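Protein chains in written order, with our numbering: chain A, 26 to 145; chain B, 29 to 390. Every residue, glycine too, gets a C-beta built ideally from N, C-alpha and C. Every value quoted in this text rests on a predicted model; they were computed, and no experiment measured them. Everything on this sheet refers to the single structure shown next.
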């Protein structure tokens, strides 16, 4: 049996996503799908925004600091009650608003394009 | 008898802890074992930090020896554990300034002017102090304390006044219920028809609405404030398909959209800060660049830092040892095990392991 170099393994599991940060800079990212990461955690692990400004509640859909606007037609996981409730109290909410912490990085998210909502 | 002006009154302690979250609360216990007294300052009106404010009903699974514990219960247990060391609390006030004194101690003053003096300051501030989230209405800051209040401090302010409350959570519901008895009118505006609060509160608001004591406007959003030097009216936008803007006369507008943490005034204390956290000397004692000021728990950063409650407990423990050495220079200190030594509370209580019974076998 031959082991593949780790980069090759990584390629298979990664998906391409595009995140526009709060200053308008576009980040093209290869996000892992085998780490049980959600979009909020991807933003944090790639340090796209200053630490402490995204994912304040840790991913419980209780703070809306990871709110983003979904710009691609990617089929997303259905919104649960707690996410919907949080978004109904958040600011700068649009029809395409979602909480990053509720979007898991799965192969189905390939090609996802989002823009982070302003800090509030 | 003469009362001193409040400025002259000073709360004195050994370790002044800024932040009454889990790390700050556990510090009281570890300091108490070393006979050091603690006083805690927190911007929130209750201890517990995020555990009480954001997720009291959520379970935590990585507290050693608790396979599962609710965040609110963890706070209660920590308070119980440190009770015999009689910590002092300054709650609902934010630590604003720090001044080093000639004798090496620090005076920390809150936004309400309460002064605290201690040789050691331990910042256990988590993500910062919780500040109300302000809705993005362009002129809202012009009306702060002129009819716009983000926190209800004095309900009597609203007696016989017209009040508009915005929000969909527990505080919006609970204050609407409370003020319906005080104000001459209460209008609750929320972006959805559904409310997130406790079922009991939702039902009460429904009842008060049916009785005409609360006016409910949903789905709608407040988008403007009208007035010269105080609030005269608000403008709301209905969120239906046919959007329309309506002006509603009111004396007060109270947006209740929860709190979000901000590092705040601590950022101006001359401490080295990186990524919204205070840099400390890794794994030695968590002292900052200012001797005598420590940073523990989520508020600090060092290579390998993990923002976990259990790591905050560890950091608090090491910090207390360093604090002891600063307060008692040259004194020998030996690590004591609570099982062996027991615990002597400042309240005179003593806890100790029961003595083994020696009995001869005939």
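Identify the contact partners of residue 288 of chain B in chain A, using a Cβ-Cβ distance below 8 Å as the criterion. Here residue 288 of chain B corresponds to residue number 260 of the second chain, with the count starting at 1. Within chain A, the residues near residue 288 of chain B are 81, 88, 90 and 145.
Could you check what DSSP says for residue 313 of chain B in three-state terms: helix, strand or coil? As a working note, residue 313 of chain B is residue 285 in the second chain. Looking at residue 313 of chain B - three-state DSSP - the assignment turns out to be coil, as it is neither helix nor strand.
Per DSSP, what kind of secondary structure is residue 378 of chain B in: helix, strand or coil? Residue numbering aside, residue 378 of chain B sits at position 350 when the second chain is read from its first letter. Residue 378 of chain B falls in the strand class under three-state DSSP.
Could you name each continuous beta strand (DSSP E) segment of 3 residues or more that falls completely within the region 51-124 of chain B, going from the start of the chain to the end? 66-70 and 116-119
Kindly list, in the order they appear in chain A, the residues whose Cβ is closer than 7 Å to that of residue 283 of chain B. If you number the second chain from 1, residue 283 of chain B lands on position 255. Ordered by position in chain A, no residue passes the 7 Å Cβ test against residue 283 of chain B, which lies about 10 Å from the chain.
What residue range is occupied by the uninterrupted beta strand (DSSP E) comprising residue 101 of chain A? Walking along the first chain from the start, residue 101 of chain A turns up at place 76. First-last for residue 101 of chain A: undefined, no H or E at that position.
Beta-ladder partner(s) of residue 215 of chain B, from DSSP: Position 187 of the second chain, counted from the start, is the residue given in the question as residue 215 of chain B. DSSP lists B/192 and B/243 as partners of residue 215 of chain B.
Taking only runs of the beta strand (DSSP E) that begin and end inside the region 308-369 of chain B, which ones reach a length of at least 3 residues, in chain order? 321-323
Residue-chain proximity (residue 60 of chain B, chain A), Cβ-Cβ < 8 Å: Counting from one through the second chain, the residue named residue 60 of chain B turns up at place 32. False, the Cβ-Cβ gap to chain A never drops below 8 Å.
Under 8 Å, Cβ to Cβ, is there at least one residue of chain A near residue 155 of chain B? Looking up residue 155 of chain B in the second chain gives position 127. Residue 155 of chain B counts as touching chain A.
Note down, in chain order, all residues in the region 59-85 of chain A with a beta-carbon under 9 Å from any beta-carbon belonging to chain B. 72, 75, 76, 77, 78, 81, 82, 83 and 85
Are the region 144-154 of chain B and the region 36-54 of chain B in contact at 8 Å, needing three or more beta carbon pairs? Touching, yes, given that three or more Cβ pairs across the two stretches are closer than 8 Å.
For residue 271 of chain B, count neighbouring Cβ atoms within 10 angstroms of its own Cβ and tell me buried if that reaches 16, exposed if not. Your numbering for residue 271 of chain B matches position 243 in the second chain. Here residue 271 of chain B is exposed, its C-beta having fewer than 16 other C-beta atoms within 10 Å.
Please classify residue 186 of chain B: does DSSP put it in a helix, a strand, or coil? Residue 186 of chain B sits at position 158 when you count from the first residue of the second chain. Under the three-state reduction of DSSP, residue 186 of chain B is assigned to helix.
Tell me the rounded alpha-carbon separation between residue 56 of chain A and residue 125 of chain A. Residue numbering aside, residue 56 of chain A sits at position 31 when the first chain is read from its first letter. Residue numbering aside, residue 125 of chain A sits at position 100 when the first chain is read from its first letter. Using only the alpha carbons, I get a separation of about 13 Å.
Closest residue to residue 369 of chain B among B/61, B/278 and B/248 (Cα-Cα distance): Reading the second chain from its first residue, position 341 is the one you call residue 369 of chain B. Among B/61, B/278 and B/248, the Cα nearest to that of residue 369 of chain B belongs to B/61.
So that I know if they touch, is there some Cβ in chain B lying closer than 8 Å to that of residue 117 of chain A? Position 92 of the first chain, counted from the start, is the residue given in the question as residue 117 of chain A. Cβ-Cβ to chain B under 8 Å: yes for residue 117 of chain A.
Assigned secondary structure, residue 126 of chain A (DSSP; H/G/I helix, E/B strand, else coil): On the first chain, residue 126 of chain A is found 101 positions in, with the first residue counted as 1. Residue 126 of chain A: helix per DSSP, three-state reduction.
Is it buried or exposed, residue 130 of chain B, if we count other Cβ atoms within 10 angstroms and call 16 or more buried? Locating residue 130 of chain B in the second chain gives position 102, where the first residue counts as 1. Classification of residue 130 of chain B: exposed, given that the 10 Å Cβ count is below 16.
Taking only beta-carbon atoms, is residue 142 of chain A less than 8 Å away from chain B? Against the first chain, residue 142 of chain A aligns to sequence position 117. Not a single CB atom of chain B sits nearer than 8 Å to the CB of residue 142 of chain A.
Determine the chain A residues that contact residue 197 of chain B at a beta-carbon separation under 7 Å, and present them in chain order. The sequence position of residue 197 of chain B within the second chain is 169, counting from 1. Correct list: 114.
Just the C-alpha distance for residue 263 of chain B and residue 278 of chain B, rounded to the nearest angstrom, thanks. Translated into positions along the second chain, residue 263 of chain B becomes position 235. Translated into positions along the second chain, residue 278 of chain B becomes position 250. Straight-line Cα distance between these residues: approximately 10 Å.
Range covered by the alpha helix (DSSP H) that runs through residue 238 of chain B: Here the question's residue 238 of chain B lines up with position 210 in the second chain. Here the alpha helix (DSSP H) through residue 238 of chain B covers 227-238.
Would you call the region 155-173 of chain B and the region 282-292 of chain B touching, i.e. three or more CB-CB distances under 8 Å? Contact between the region 155-173 of chain B and the region 282-292 of chain B is present, with at least three C-beta pairs closer than 8 Å.
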